[in-house]
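Taken in sequence, the protein lines are chains A, B, C and D.
To convert, note that position 155 of the first sequence is 155 in this note's numbering; the numbers rise steadily by one, no gaps.
To convert, note that position 172 of the second sequence is 172 in this note's numbering; the numbers rise steadily by one, no gaps.
To convert, note that position 76 of the third sequence is 76 in this note's numbering; the numbers rise steadily by one, no gaps.
To convert, note that position 188 of the fourth sequence is 188 in this note's numbering; the numbers rise steadily by one, no gaps.
Positions of the beta carbon are idealized from the N, C-alpha and C atoms, including for glycine.
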Amino acid sequence: MSQTIESFKLLLENAFSEPLTYLEASQLLTIKVQENQLFATLKTLKETLKFDALIDHAGVDWPNENKIELIYILFSTHHNQQIMVSADIDRNQPTPPSVSSLWAIAEWQEREVFDLLGVTYKNHPDLRRLFLEDNWVGSPLRKDYKDDFILERPW
Amino acid sequence: MKSLSFYIHNLYQNQQWLDFILYLGLGLILTLSLMSVVALVLVYAERKIAAHFQCRLGPMRVGWHGTLQTVADALKLLLKEDLIPKAADRFLFALAPFLTVMAALLSLSVLPFSLSATLSNMNIGLLFLSAISGYGVLGILIGGWASNNKWSLLGAMRAGAQLISYELSMTLSLLSIVVLSGSLNLNEIIASQAQGWWIWRAHLVGFISFVIYIISSTAETNRTPFDMAEGESELTAGFHTEYSGMRFAFFFLSEYVNLFIVSAIGSILFLGGWMPLHIGEWESFNALMDFVPGPIWFLLKTGALIFLSMWFRWTFPRLRVDQLMRFEWKFLLPLGLINLFLSSIIALGGFYFFP
Amino acid sequence: MVTLNDRISCHTPNQDGTTTQEYFINMGPQHPSTHGVLRLILKMDGETVNDIIPVLGYIHRGIEKKAEAVGYRQQVHLTDRLDYLCALMNNWAVSAAIEKALNLEVNDRIQTVRTIIAELQRIQSHQLWWGVFGMDLGAFTPFLYGFRDREKITEIFEKTMGARLTMNYFQPGGMMYDIHPDFVKDIKEFIKYFRPILKEYEDLFSGNIIVQERLKNVGIIDAQTALAYGATGPVLRASGMPLDLRKMQPYGAYSKVNFTVPVGTVGDSWDRYQVRIQEMYQSLLIIEQLIDNIPDGPHMTMKYAAKIKPPAGRYYTQMETARGIFGTFFVSDGNDRPYRMHFRTPNFNNLWSILKMAPGGRVADLVAILSSIDLVVPDMDR
Amino acid sequence: MGLINDNPENPFKEAIPGSPAFITSIDKVVNWARSNSLWPLTFGTSCCAIEVMMAAGAAHHDLARFGAEVARPSPRQADLLVIAGTIVKRMEPLLKTLYDQMAEPKYVIATGACAISGGPFIYDSYTTIRGAHEVIPVDVYVPGCPPRPEAFFYGLLTLQKMIIEGQTIAKPFERRKPVLSVLPPRIKLEQIRDELVKNLTARSVTDLNQNPKELGL
Chain A
1 MSQTIESFKL
11 LLENAFSEPL
21 TYLEASQLLT
31 IKVQENQLFA
41 TLKTLKETLK
51 FDALIDHAGV
61 DWPNENKIEL
71 IYILFSTHHN
81 QQIMVSADID
91 RNQPTPPSVS
101 SLWAIAEWQE
111 REVFDLLGVT
121 YKNHPDLRRL
131 FLEDNWVGSP
141 LRKDYKDDFI
151 LERPW
Chain B
1 MKSLSFYIHN
11 LYQNQQWLDF
21 ILYLGLGLIL
31 TLSLMSVVAL
41 VLVYAERKIA
51 AHFQCRLGPM
61 RVGWHGTLQT
71 VADALKLLLK
81 EDLIPKAADR
91 FLFALAPFLT
101 VMAALLSLSV
111 LPFSLSATLS
121 NMNIGLLFLS
131 AISGYGVLGI
141 LIGGWASNNK
151 WSLLGAMRAG
161 AQLISYELSM
171 TLSLLSIVVL
181 SGSLNLNEII
191 ASQAQGWWIW
201 RAHLVGFISF
211 VIYIISSTAE
221 TNRTPFDMAE
231 GESELTAGFH
241 TEYSGMRFAF
251 FFLSEYVNLF
261 IVSAIGSILF
271 LGGWMPLHIG
281 EWESFNALMD
291 FVPGPIWFLL
301 KTGALIFLSM
311 WFRWTFPRLR
321 VDQLMRFEWK
331 FLLPLGLINL
341 FLSSIIALGG
351 FYFFP
Chain C
1 MVTLNDRISC
11 HTPNQDGTTT
21 QEYFINMGPQ
31 HPSTHGVLRL
41 ILKMDGETVN
51 DIIPVLGYIH
61 RGIEKKAEAV
71 GYRQQVHLTD
81 RLDYLCALMN
91 NWAVSAAIEK
101 ALNLEVNDRI
111 QTVRTIIAEL
121 QRIQSHQLWW
131 GVFGMDLGAF
141 TPFLYGFRDR
151 EKITEIFEKT
161 MGARLTMNYF
171 QPGGMMYDIH
181 PDFVKDIKEF
191 IKYFRPILKE
201 YEDLFSGNII
211 VQERLKNVGI
221 IDAQTALAYG
231 ATGPVLRASG
241 MPLDLRKMQP
251 YGAYSKVNFT
261 VPVGTVGDSW
271 DRYQVRIQEM
281 YQSLLIIEQL
291 IDNIPDGPHM
301 TMKYAAKIKP
311 PAGRYYTQME
321 TARGIFGTFF
331 VSDGNDRPYR
341 MHFRTPNFNN
351 LWSILKMAPG
361 GRVADLVAIL
371 SSIDLVVPDM
381 DR
Chain D
1 MGLINDNPEN
11 PFKEAIPGSP
21 AFITSIDKVV
31 NWARSNSLWP
41 LTFGTSCCAI
51 EVMMAAGAAH
61 HDLARFGAEV
71 ARPSPRQADL
81 LVIAGTIVKR
91 MEPLLKTLYD
101 QMAEPKYVIA
111 TGACAISGGP
121 FIYDSYTTIR
131 GAHEVIPVDV
141 YVPGCPPRPE
151 AFFYGLLTLQ
161 KMIIEGQTIA
171 KPFERRKPVL
181 SVLPPRIKLE
191 QIRDELVKNL
201 TARSVTDLNQ
211 NPKELGL
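Here it is, written out as structure tokens:
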């Protein structure tokens with residue numbers, strides 16, 4: 001079941017028509033995709049390469065580069081392989097496509113990212129705040145989040 | 001109606017009314033104190049027994065081995081603030097605990113503790129008991145409804161459905177003993193067991209009705225595995241979710257008094273009540289047993305059944321509500337009917353041991 | 001696509017042209033069987049649960065934000081407070097993630113001790129689950145039995161780590177202290193004690209007809225749906241998928257030991273129950289194989305006070321805790337504090353499969369299913 | 001039930017009608033009963049619930065010895081609210097509701113660092129309430145993260161003592177007296193600190209040689 005990274009990369013490249021961009025500064029095998037390619041890539045990964053589990057989905061805020069990086073960590077029980085997909089989206093108008101039609105769990109993982117990072121997914125069935133109250137202002141995990149409530153550490 | 005007025009007239013005529021009032025008052029005081037003592041002792045017993053089932057010690061600090069624990073609890077509950085939710089139906093909310101306690105109180109009044117120690121020796125004692133026990137569910141239903149809380153209502157509806165269903169099996173199992181002993185008077189039923197207790201005297205029939213009785217009485221008292229109405233992990237606290245202080249204490253009290261009552265009925269019908277244990281030809285043993293007074297026998301037998309019920313409670317998980325109903329209507333009720341039929345045959349033919 | 005508006009409409013048309021009016025009932029956040037402050041809004045028809053809308057966030061403490069403000073070494077104590085029932089496994093997961101980022105190889109002693117302790121913790125977590133499961137089904141005694149035996153492991157832990165619940169024991173690079181001299185002896189005694197007790201658990205609870213009636217064919221979910229809904233760990237394995245990272249991507253000392261991964265066949269509550277009971281047996285096996293040959297060596301491979309600065313990049317490491325896959329994703333910018341720390345917690349992902357399991361069942365079934373998933377709410381909300 | 005009024009100046013102080021008229025031996029009996037029958041509400045938000053509500057109630061420690069094992073799931077019937085765990089902004093109104101739903105007399109024990117001050121989440125957290133006393137009045141604080149069951153027992157016994165001495169009954173809405181319940185008498189914080197330093201240096205479990213000052217010792 002398990003393959004080496006090299007043979008898996010070969011399998012991966014065969015599945016896509018266009019050449020893939022790999023992200024070097026990453027521990028897992030990471031594909032870098034554009035926002036408009038995101039859904040298609042994930043769909044191919046799921047349907048052709050049998051990545052049947054969306055293990056994790058998270059967002060990273062990069063205010064200096066004015067982008068939010070979306071991270072999808074996929075797992076394939078067929079290949080016993082893991083892959084990370086990274087996509088940069090605009091920080092001011094983050095409207096990536098929702099992948100909840102591919103993996104059901106994405107619905108809530110995306111709600112979490114929406115809640116904490118303010119990413120508004122397109123075609124999401126139920127985009128509400130998950131952890132915070134509905135009338136909360138701001139997205140706490142953004143680096144420029146300001147809140148009078150937060151106590152800074154005095155040392 | 002005529003006979004009643006005649007009776008009252010007679011009372012005035014013969015100056016018996018003073019006796020009557022005294023009798024009523026004394027009986028009421030006795031029953032009330034019996035009720036509170038029973039509840040206090042049973043709650044303490046339950047907590048201790050549960051603790052020892054579970055490798056713990058249970059109450060230890062208040063009094064010797066925690067004997068005053070339930071006294072403290074009762075005192076605290078009496079003095080606790082009495083809350084009535086704003087949205088509740090105030091009248092019914094207040095009425096419900098009293099109805100439940102009343103049912104327990106009325107049932108206590110007909111129990112024969114010995115041949116003479118019974119408050120009212122009715123000739124339809126058993127009928128009276130089964131009628132009254134069906135009336136206790138009214139309090140639960142009203143309480144759950146009046147609380148205006150969905151969890152309470154769910155609990156009350158469960159309790160209603162469950163108690164009404166299990167009432168049938170319970171009555172059927174009682175009926176087979178009535179058929180066998182030929183009387184509805186509790187003392188006469190006990191007297192009919194002089195030759196042997198009904199649990200084993202009537203071949204298998206008595207035993208089957210005993211089993212049916214134990215199952216349905218556990219359901220009647222809303223105890224695990226049939227504690228649908230409270231179902232702590234499902235319905236928060238069931239029908240008494242909104243009750244606090246004294247009113248909650250009444251529900252608590254009546255639960256334990258009901259436990260005592262159903263166990264007492266069980267011991268009267270199946271284990272010979274205040275009748276001492278006699279074994280065939282062992283004359284000296286029987287004489288020794290006769291030496292123990294009737295009330296002690298009665299309480300011992302009742303205590304054994306109560307312990308059985310507590311054993312159930314701390315061993316079994318809870319049934320689901322539909323399984324509960326299926327068990328009653330598809331298994332227990334047909335079994336009870338067949339059992340009643342068999343007991344009629346046995347009674348007609350006089351086929352029991354030691355006729 | 002079913003939106004929330006469709007789900008909160010209370011009139012469901014029937015086939016014969018009539019409509020069923022449903023009602024909503026609020027379960028939690030203060031409810032004895034939600035195991036914390038989870039809130040479920042139930043759409044009910046009588047006693048039947050037709051739909052569930054979970055509401056989270058009643059214990060959302062913002063751990064991910066907090067993690068950005070503290071150093072790498074301090075991440076460990078934050079993971080204690082996530083899933084406090086597998087605190088040590090979480091400690092290990094985050095320590096291993098930092099070690100991997102630093103390209104630090106820890107010695108065999110550390111790996112073996114970590115594996116033993118993680119398996120002990122798995123047993124401990126399952127013991128607690130067993131007790132609480134019994135309580136949720138209405139039997140109070142299993143709860144006390146489970147805790148009685150859990151206390152034995154807690155004492156072993158306390159001797160070595162000085163804490164009972166939030167140990168903060170595994171550090172990046174090794175362990176905080178060396179193991180207690182009695183460690184091996186105590187564990188051997190525990191195994192001797194616990195094997196018959198485990199049998200007793202099964203006699204007391206699994207053999208009970210009421211338990212079987214309550215659990216069998218309740219809350220069925222198939223493996224692919226469970227995986228799509230994010231379930232991992234025993235919940236997924238009960239559906240028949242042998243996804244266990246201890247086998248598939250061995251870490252620690254798991255590659256050295258023989259054990260099987262128990263899987264279910266139907267995917268109902270009963271299978272989830274059985275999988276966990278069997279896992280306790282397997283954990284005992286693993287500990288037995290390792291306990292006699294703990295290699296010698298130091299318990300810490302890096303200086304305690306050294307500042308940790310992983311090279312810039314993205315790191316993801318995952319491990320199998322008692323409830324499923326615990327993943328640590330972090331982004332380093334070369335500083336001594338993570339730029340972004342994200343925990344993939346098993347409970348958050350396991351929860352959503354109740355949306356497929358519970359509808360159509362009774363409230364009592366819902367309670368049994370919730371309990372069979374074994375949720376820890378602070379781990380869900382982070 | 002509106003027992004706590006919205007007066008911003010002193011939200012927890014309000015005279016209840018019919019305040020205790022007889023402080024006599026009857027009061028003693030009443031206080032004895034109340035102190036010995038503390039039924040806790042089954043309420044726990046996080047880690048402390050395991051230690052304080054579950055492990056303390058289980059066979060090894062047995063909360064039942066003090067008559068406090070009757071955990072009521074309904075706040076109406078409970079006397080004791082044990083705040084076991086972090087209280088976050090979203091939980092705050094619910095905690096208040098729970099407290100209001102409880103019938104008088106009611107007592108509150110805050111267990112664990114989070115319920116006392118916010119604990120590990122006091123800084124840099126955008127949701128954690130810094131101490132349960134910001135929401136409801138607290139009688140006894142039990143420190144620890146989480147406190148051991150024994151520590152909780154000490155807190156419970158302290159509360160019983162407070163009830164018997166009438167410290168909570170006489171003034172029902174002034175229950176903000178913090179009680180350091182875990183530190184045994186005659187032991188000072190400095191002693192503990194010195195011992196800690198001594199032990200840490202003696203065992204040299206950590207690399208203390210570098211710069212002990214950096215570790216804050």
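For residue 381 (chain C), go through chain A and note every residue whose CB falls closer than 8 Å to its CB, in chain order.
Residues of chain A passing the Cβ test: 131.
Have a look at A:96, A:26, A:148 and flag the residue whose alpha-carbon is nearest the alpha-carbon of residue 39 (chain A).
Distance from the Cα of residue 39 (chain A) is smallest, within the candidate group A:96, A:26, A:148, for A:96.
Report the option in C:291, C:83, C:140, C:345 whose CA atom is closest to the CA atom of residue 54 (chain B).
Of the candidates C:291, C:83, C:140, C:345, the residue whose Cα lies closest to the Cα of residue 54 (chain B) is C:140.
Suppose you measure from the CA of residue 126 (chain B) to the CA of residue 110 (chain B); what does that come to, to the nearest Å?
Roughly 9 Å separates the two Cα atoms.
Rounded to whole angstroms, what's the CA-CA distance from residue 67 (chain A) to residue 121 (chain A)? Just pull it up for me.
Straight-line Cα distance between these residues: approximately 15 Å.
Residue burial classification, residue 115 (chain C) (beta-carbon count within 10 angstroms, cutoff 16)
By the 10 Å Cβ count, residue 115 (chain C) comes out buried.
Where are the beta strand (DSSP E) runs, 3 residues long or more, that stay fully inside the stretch 39 to 65 of chain A, in chain order?
Within the stretch 39 to 65 of chain A, complete beta strand (DSSP E) segments of at least 3 residues are found at 53 to 62, given in chain order.
So, at 7 Å on beta carbons, what are the nonlocal neighbours of residue 151 (chain C) in its own chain, with the 5 sequence-adjacent residues on each side left out?
Taken in chain order, the list of residues that qualify is empty.
Please state the DSSP three-state secondary structure of residue 262 (chain C).
It is coil, neither helix nor strand.
On the premise that residue 81 (chain D) lies in contact with residue 54 (chain D), defined as a C-beta separation below 8 Å, what is that separation, rounded to the nearest angstrom?
At roughly 16 Å, the Cβ-Cβ gap does not stay under 8 Å, so residue 54 (chain D) and residue 81 (chain D) are not in contact.
According to DSSP, is residue 275 (chain C) helix, strand or coil?
The answer is helix: DSSP assigns residue 275 (chain C) an H, G or I state.
Nearest to residue 113 (chain A) by CA position, among C:363, C:344, C:351, C:224, is which residue?
Of the listed residues, the one whose Cα sits closest to residue 113 (chain A) is C:344.
Go ahead and pull the three-state DSSP assignment for residue 43 (chain C).
Here residue 43 (chain C) sits in strand by DSSP.
Compute the distance between the beta-carbons of residue 67 (chain D) and residue 36 (chain D), then report whether it is under 7 Å.
Yes. Within cutoff.
Give the straight-line distance between the Cα atoms of residue 174 (chain D) and residue 44 (chain D), rounded to the nearest whole angstrom.
Note on residue 174 (chain D): pLDDT 42, under 50, position unreliable in the model; no value is reported.
Which residues of the stretch 123 to 143 of chain C have a Cβ closer than 7 Å to any Cβ of chain B? Give them in chain order.
Considering only beta carbons, the part of the stretch 123 to 143 of chain C lying closer than 7 Å to chain B consists of 134, 135, 136, 137, 138, 139, 140, 141, in chain order.
Would you please verify whether the beta carbon of residue 142 (chain A) is less than 7 Å from any beta carbon of chain D?
Not one chain D Cβ lies under 7 Å of residue 142 (chain A).
May I ask whether a heavy atom of the ligand SAH can be found less than 6 Å away from the beta carbon of residue 296 (chain C)?
Looking at this structure, you won't find the ligand SAH or any other ligand, since it has none at all.
Does residue 234 (chain B) have its Cβ less than 7 Å from a Cβ in chain C?
Interface residue, yes.
Quick check: what's the CA-CA separation for residue 14 (chain D) versus residue 119 (chain B)?
Summary for residue 14 (chain D): the model assigns pLDDT 43, below 50, so the residue's position carries little reliability, and this model does not support an answer.
Interface residues of chain B around residue 208 (chain C) at Cβ under 8 Å?
Near residue 208 (chain C) (Cβ distances below 8 Å), the residues of chain B are 316, 317.
Distance, Cα to Cα, residue 31 (chain C) vs residue 64 (chain C)?
Roughly 27 Å separates the two Cα atoms.
Is it buried or exposed for residue 127 (chain C), if we count other Cβ within 10 angstroms and need 16 for buried?
By the 10 Å Cβ count, residue 127 (chain C) comes out buried.
Can you name the start and end residues of the beta strand (DSSP E) that residue 32 (chain A) belongs to?
Bounds of the beta strand (DSSP E) holding residue 32 (chain A) are 30 to 33.
Indicate whether at least one CB of chain C lies closer than 7 Å to the CB of residue 347 (chain B).
No, residue 347 (chain B) does not count as interfacial toward chain C.
Touch check for the stretch 152 to 163 of chain C and the stretch 175 to 191 of chain C: three-plus C-beta pairs under 8 Å?
A contact exists between the stretch 152 to 163 of chain C and the stretch 175 to 191 of chain C.
Tell me the DSSP secondary structure of residue 119 (chain A) in three-state form.
If DSSP states are grouped into helix, strand and coil, residue 119 (chain A) belongs with coil.
Just verifying my parser: in three-state terms, what is the DSSP assignment at residue 88 (chain A)?
Strand at residue 88 (chain A).
Exposure label - residue 191 (chain D); buried when at least 16 CB within 10 Å:
The residue is exposed, with fewer than 16 neighbouring Cβ atoms inside 10 Å.
Spell out a yes or no on whether the stretch 38 to 45 of chain B and the stretch 197 to 215 of chain B are touching, meaning 3 or more CB-CB pairs, one atom from each, closer than 8 Å.
Contact check between the stretch 38 to 45 of chain B and the stretch 197 to 215 of chain B: fewer than three CB pairs, one atom from each, fall below 8 Å, which does not count as touching.
Could you pull out every residue in the same chain whose Cβ sits closer than 7 Å to the Cβ of residue 67 (chain C), ignoring the five residues on either side in sequence?
Excluding sequence neighbours, residue 67 (chain C) sits near 75, 78, 338, 341.
Check whether the Cβ of residue 373 (chain C) lies closer than 7 Å to any Cβ atom in chain B.
Answer no: the Cβ-Cβ gap between residue 373 (chain C) and chain B never drops below 7 Å.
Check the Cβ of residue 156 (chain A) against every Cβ in chain C and list those closer than 8 Å, keeping chain order.
The displayed coordinates of chain A run from 1 to 155. Any statement about residue 156 (chain A) would go beyond what the structure contains.
Under a Cβ-count criterion, where at least 16 other Cβ atoms within 10 Å of its own Cβ denotes burial, should residue 1 (chain A) be classed as buried or exposed?
Its pLDDT being 42, under 50, residue 1 (chain A) is placed unreliably in this model, and the coordinates cannot settle the point.
Buried or exposed, going by whether 16 or more other CB atoms sit within 10 Å of the CB of residue 111 (chain C)?
Taking all protein chains shown into account, residue 111 (chain C) has 16 or more neighbouring C-beta atoms within 10 Å of its C-beta and is therefore buried.
Once you ignore the five residues that flank residue 348 (chain C) on each side, which residues in its own chain have a CB closer than 6 Å to its CB?
The residues are 380.
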